[in-house]
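Here is the structure we will look at, set down as structure tokens.
2 protein chains.
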Amino acid sequence: MAERQRRRPGETREKLMGAALELVGKGRHFASLGIREVTRQAGVVPTSFYRHFRNMDDLGLQLVDELGLVLRRMMREARANVLQADKLIEESVGIFTAHAQANRSFFLFMAQGLAGESRAVQDGIRGEMRFFASELANDLRRLRLVDHLNDGDLDLTCDLVVRTVAFSLTDLLSIAPDDDYQIGQVRQRTTGFLQMIFVGAAHWQRPEA
Amino acid sequence: MAERQRRRPGETREKLMGAALELVGKGRHFASLGIREVTRQAGVVPTSFYRHFRNMDDLGLQLVDELGLVLRRMMREARANVLQADKLIEESVGIFTAHAQANRSFFLFMAQGLAGESRAVQDGIRGEMRFFASELANDLRRLRLVDHLNDGDLDLTCDLVVRTVAFSLTDLLSIAPDDDYQIGQVRQRTTGFLQMIFVGAAHWQRPEA
DNA sequence: TGCCCTTGTGTACAACTGTTCACTAATGTG
DNA sequence: CACATTAGTGAACAGTTGTACACAAGGGCA
Numbered sequence: 001m002a003e004r005q006r007r008r009p010g011e012t013r014e015k016l017m018g019a020a021l022e023l024v025g026k027g028r029h030f031a032s033l034g035i036r037e038v039t040r041q042a043g044v045v046p047t048s049f050y051r052h053f054r055n056m057d058d059l060g061l062q063l064v065d066e067l068g069l070v071l072r073r074m075m076r077e078a079r080a081n082v083l084q085a086d087k088l089i090e091e092s093v094g095i096f097t098a099h100a101q102a103n104r105s106f107f108l109f110m111a112q113g114l115a116g117e118s119r120a121v122q123d124g125i126r127g128e129m130r131f132f133a134s135e136l137a138n139d140l141r142r143l144r145l146v147d148h149l150n151d152g153d154l155d156l157t158c159d160l161v162v163r164t165v166a167f168s169l170t171d172l173l174s175i176a177p178d179d180d181y182q183i184g185q186v187r188q189r190t191t192g193f194l195q196m197i198f199v200g201a202a203h204w205q206r207p208e209a
Numbered sequence: 210m211a212e213r214q215r216r217r218p219g220e221t222r223e224k225l226m227g228a229a230l231e232l233v234g235k236g237r238h239f240a241s242l243g244i245r246e247v248t249r250q251a252g253v254v255p256t257s258f259y260r261h262f263r264n265m266d267d268l269g270l271q272l273v274d275e276l277g278l279v280l281r282r283m284m285r286e287a288r289a290n291v292l293q294a295d296k297l298i299e300e301s302v303g304i305f306t307a308h309a310q311a312n313r314s315f316f317l318f319m320a321q322g323l324a325g326e327s328r329a330v331q332d333g334i335r336g337e338m339r340f341f342a343s344e345l346a347n348d349l350r351r352l353r354l355v356d357h358l359n360d361g362d363l364d365l366t367c368d369l370v371v372r373t374v375a376f377s378l379t380d381l382l383s384i385a386p387d388d389d390y391q392i393g394q395v396r397q398r399t400t401g402f403l404q405m406i407f408v409g410a411a412h413w414q415r416p417e418a
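Chains as they are written, first to last, in our numbering: chain F, 1 to 209; chain X, 210 to 418.
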């Protein structure tokens, strides 16, 4: 029998999730991945898969959890670096695109999952987006930038912002990772979208009943 | 040998495309469909597939073409029914949700394809969205609703509108087709998004150089 | 020390996959 | 009418798939 590999606990699990992400990063769609394919990529025997996941959907769900961590890191960095309201949008978009580049596979997985075939993964990603939007709402309140909006309208605004950014993801991920010119284009366009949304929010008045 | 089925020309081709759509409509992801699976669903022998398509990507591309027709029908109806600028947004969103319901599988396919695994399909759908946005820009110009926007800013606005509506698609398609309450919610929220965007566009002024 | 539990391995199997091939029925063209 | 083209069929292939099973190595705990 081949030498059993010494592994620290949980290593194979990480390898399997990483392998799935790698395949996604190579252009494959998560829904089309198979157990054997993933274990092969991870350098592990197919049976090992079942020690950690019940099926591919299960693995997808656990990836969503990790995705949550990535998003939280991103938010923390944004909060630390975006101090004055002045260049708020530009800087936020910059941080976002930087993270999207650095964690390309993760964000690819997220973009795929939004219309994916596992309902659970879909809901998980939607949940992450909701959380993101509510955090954004908190920040805007704290910066006193939206005092004229009631909670419902602020929620609407933040939801729209998050959706717009998420959609930009599909633009960003469909271009080569090193095509700086096009990345700049996407960043600029996304900034324009957000500016327009915030202009709308600034002039928003509750539609009379 | 089994009785050869009499078919009108192109019928099998349509059946295969329809079968793929049916499977997508049942919750499967297009990227995970196989040739045998599709032919089985279509009630056709696997070899027949190759008479009409080179592979699944090819079938996907041809579906994108048909998707274009669906979108154009929708635009025509919108143009015919949305006459005064008054309830423009509400009515347009209504028409959109109605078409999304009526052609559920088609729009599911579209939502999946945006982050799908075939680059060609992805580009095709993107192209349809661009076309849609440019038509929208024409209409807004014709209705003289955006005289203060230059072409670039109008394009930005329309792009944002189309993206927002496309994203709403994923909301719409993730709820049961007969859940009228939730459909109403999505429609209302989408209307809110668009109103906010148009408020932004109305108060937009060219960012000084 | 002995024992259980978790994790990784190898083998096995039936089912399914994409694709090729040779054959045949119908259709259109001269 | 003859003939070329198109479109559907069935059998066959080698390779891959998900999953089950029995077994073994190592770690933690009494």
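A virtual CB, placed ideally from N, CA and C, is assigned to each residue, including glycine. Owing to the predicted nature of the structure, the values given are computational and were not obtained by experimental measurement.
- In chain order, Met196, Ile197, Val199, Gly200 make up the part of chain F whose C-beta sits under 7 Å from the C-beta of Gly409 (chain X).
- Around the beta carbon of Thr97 (chain F), 16 or more other beta carbons lie within 10 angstroms, which makes this residue buried.
- For Ile35 (chain F), the CB contacts under 8 Å within the same chain, skipping 5 residues up- and downstream, are Pro46, Phe49, Asn55, Met56 in chain order.
- When C-beta atoms of the region 336-345 of chain X are compared with those of the region 357-370 of chain X, three or more pairs fall below 8 Å, so the two segments count as touching.
- Within chain F, Ala115 have C-beta atoms less than 7 Å from the C-beta of Gln321 (chain X), given in sequence order.
- When F:Met110, F:Val161, F:Ser105 are compared, the shortest CA-CA separation from Leu140 (chain F) is found for F:Val161.
- Not a single unbroken stretch of the beta strand (DSSP E) spanning 3 or more residues falls wholly within the region 111-180 of chain F.
- Apart from the 5 residues on each side of it in sequence, Lys15 (chain F) sits with its Cβ closer than 6 Å to the Cβ of Ala42 in its chain, given in chain order.
- Nearest to Leu149 (chain F) by alpha-carbon distance, out of F:Trp204, F:Ile175, F:Phe167, F:Met196, is F:Trp204.
- Rounded to the nearest angstrom, the gap between the Cα atoms of Val146 (chain F) and Leu88 (chain F) is 14 Å.
- In chain order, Phe107, Leu169, Leu172, Leu173 place their CB closer than 8 Å to the CB of Ala100 (chain F), counting only its own chain and leaving out the 5 sequence neighbours on each side.
- Annotation: Cβ neighbours of His203 (chain F) in chain X (cutoff 9 Å, chain order): Val408, Gly409, Ala411, His412.
- Of all residues in the region 20-32 of chain F, those with a C-beta nearer than 8 Å to a C-beta of chain X are Gly27, Arg28, His29, Ala31, Ser32, reading in chain order.
- Across the structure, Met196 (chain F) and Gly234 (chain X) are spaced so that their CA atoms are roughly 35 Å apart.
- In terms of beta-carbon proximity, Ser383 (chain X) lines the interface with chain F, with at least one pair separated by less than 8 Å.
- In this structure, the alpha-carbon of Ile125 (chain F) lies about 9 Å from that of Leu61 (chain F).
- Residue state for Phe53 (chain F) is assigned as coil, using DSSP reduced to three classes.
- Arg282 (chain X) is classed as exposed because its beta carbon has fewer than 16 other beta carbons within 10 Å across all chains shown.
- Legend: CB atoms of the region 149-160 of chain F lying less than 7 Å from CB atoms of chain X belong to residues Leu156, Thr157, Leu160.
- In this structure, Ala229 (chain X) sits near Leu272 (chain X), with a CB-CB distance shorter than 8 Å.
- With contacts defined as CB atoms closer than 8 Å, Leu83 (chain F) and Met110 (chain F) fail to qualify as a contacting pair.
- For Gln397 (chain X), the closest alpha carbon among the candidates X:Glu299, X:Met226, X:Phe262 is that of X:Glu299.
- Residue-level contact check: Phe316 (chain X) does not touch chain F, since none of the beta carbons of chain F fall below 8 Å from its beta carbon.
- Against chain F, the beta carbon of Gly401 (chain X) has neighbours under 7 Å at Leu156, listed in chain order.
- The beta carbon of Gln331 (chain X) sits closer than 8 Å to some beta carbon of chain F.
- Ile392 (chain X) and Phe262 (chain X) have their alpha carbons spaced roughly 36 Å apart.
- Around Gln331 (chain X), the same chain offers Gly322, Leu323, Ala324, Gly325 as residues with beta carbons nearer than 8 Å, after the five sequence neighbours per side are excluded.
- Distance from the CA atom of Thr191 (chain F) to the CA atom of Val165 (chain F), rounded to whole angstroms, is 9 Å.
- DSSP places Val408 (chain X) within a helical segment (H, G or I) once states are collapsed to three.
- Counting the other CB atoms within 10 Å of its CB gives Asn312 (chain X) a total of 16 or more, which places it among the buried residues.
- Taking the Cα positions, Phe30 (chain F) is about 28 Å away from Leu280 (chain X).
- When DSSP states are grouped into helix, strand and coil, Arg28 (chain F) belongs to the coil group.
- In the displayed model, Gln391 (chain X) falls within a helix according to three-state DSSP.
- In the structure shown, Asp295 (chain X) falls within a coil segment according to DSSP collapsed to helix, strand and coil.
- Here Ala80 (chain F) is not near Ser92 (chain F), since their CB atoms are 8 Å or more apart.
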